[in-house]
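Enquirer:
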Amino acid sequence: MNEQRVHQIFQLSILAKGLHALAECVGGGALWLVPNDAITRLARSITHLELIEDPRDFLATHLLTFAQNFSVETRHFYAFYLVSHGVVKLFLVAALLRNKLWAYPASLVVMALFIVYQLYRFSYTHSWGLIALTVFDVIVIWLIWHEYKLVMRRRPAT
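As structure tokens, then:
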């Protein structure tokens, strides 16, 4: 694969990370502002028809149970988690897109820490979504590393 194509894939993956970070910030902000009873009402409205049809529907019963047991403390934790991760990623994405040299190693470290945490969470949740996110992150790490090596090669010797 030629270097121009790899660079384009790098840019697209970083933009995807930026969009994901923006979604985390928006989702975390919404979670911070929306009260628990509104979350429960939303879950009831989403699951109502399905539970009438099948009162033991796996997804609907779990979604409703999750919403009903969602504490204020848990909501605030997830809101903080999403916003803080989103802000860190947005900051790094902006720096990478501006070719800030320090952003490459910083991004590698931060993404590696995210992967460690995602794998830790997977050990409890067994969520295949976390595995998919981790695989994407590994690909992005490789792209960042590859781009960093190219940037360092092109940099004039001082």
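Using the working numbering, the letters of the sequence shown correspond one by one to residues 1074 to 1231.
Ideal placement from N, C-alpha and C gives every residue a C-beta, glycine not left out.
Check each candidate in I1214, Q1141, L1136, V1107 and name the one with the smallest Cα separation from P1178.
Expert: For the purposes of this step, residue 1178 is taken as the residue at position 105 of the sequence shown. The residue with the shortest Cα to Cα distance from P1178 is I1214.
Enquirer: Hey, out of L1165, L1088, Y1190, whose CA is closest to L1181's CA?
Expert: Working through the sequence shown from its first residue, we reach residue 1181 at position 108. Comparing Cα-Cα distances from L1181 to each of L1165, L1088, Y1190, the minimum goes to L1165.
Enquirer: So for D1127, helix, strand or coil by DSSP?
Expert: To locate residue 1127, count along the sequence shown from 1; it is residue 54. Reduced to three states, the DSSP call for D1127 is coil.
Enquirer: Give every residue of the same chain whose Cβ lies closer than 6 Å to the Cβ of E1123, excluding the five residues on either side of it in the sequence, and list them in chain order.
Expert: Counted from its first residue, the sequence shown places residue 1123 at position 50. Within the same chain, E1123 has close Cβ partners D1130, A1133.
Enquirer: Between A1176, T1113, R1117, which has its C-alpha nearest N1142's C-alpha?
Expert: On the sequence shown, residue 1142 is found 69 positions in, with the first residue counted as 1. Out of A1176, T1113, R1117, T1113 has the C-alpha closest to the C-alpha of N1142.
Enquirer: Would you call the stretch 1089-1099 and the stretch 1156-1164 touching, i.e. three or more CB-CB distances under 8 Å?
Expert: They touch, by the three-pair rule.
Enquirer: Going by CA-CA distance only, name the one from V1079, A1140, F1209 that's closest to A1185.
Expert: On the sequence shown, position 112 is the one that residue 1185 refers to. Among V1079, A1140, F1209, the Cα nearest to that of A1185 belongs to F1209.
Enquirer: Is there a Cβ from chain D that is less than 8 Å from the Cβ of A1133?
Expert: The chain inventory of the structure shown lacks chain D, comprising one protein chain alone.
Enquirer: Report the option in A1152, Y1221, W1218, I1212 whose CA atom is closest to the CA atom of I1188.
Expert: Translated into the one-based positions of the sequence shown, residue 1188 becomes position 115. Among A1152, Y1221, W1218, I1212, the Cα nearest to that of I1188 is on I1212.
Enquirer: What residue range is occupied by the uninterrupted alpha helix (DSSP H) comprising H1158?
Expert: Position 85 of the sequence shown holds residue 1158. Its alpha helix (DSSP H) spans residues 1145-1170.
Enquirer: So, using beta-carbon positions, are G1091 and L1163 closer together than 8 Å?
Expert: For the purposes of this step, residue 1091 is taken as the residue at position 18 of the sequence shown. For the purposes of this step, residue 1163 is taken as the residue at position 90 of the sequence shown. A contact, by the Cβ cut-off of 8 Å.
Enquirer: Quick one: is I1087 buried, meaning 16 or more other Cβ sit within 10 Å of its Cβ, or exposed?
Expert: Taking the sequence shown and counting its residues from 1, one reaches residue 1087 at position 14. I1087 is buried by the Cβ-count criterion.
Enquirer: Roughly how many whole angstroms lie between the Cα atoms of Y1197 and A1167?
Expert: For this step, residue 1197 is matched to residue 124 along the sequence shown. For this step, residue 1167 is matched to residue 94 along the sequence shown. Distance between the alpha carbons of Y1197 and A1167: 33 Å.
Enquirer: Between which two residues does the alpha helix (DSSP H) holding R1226 run?
Expert: Position 153 of the sequence shown holds residue 1226. Taken as a continuous stretch (DSSP letters only), the alpha helix (DSSP H) holding R1226 covers 1201-1227.
Enquirer: Work out the CA separation of V1224 and Q1191 for me, nearest whole Å.
Expert: Stepping through the sequence shown from its first residue, residue 1191 is reached at position 118. Stepping through the sequence shown from its first residue, residue 1224 is reached at position 151. Roughly 29 Å between the two C-alpha positions.
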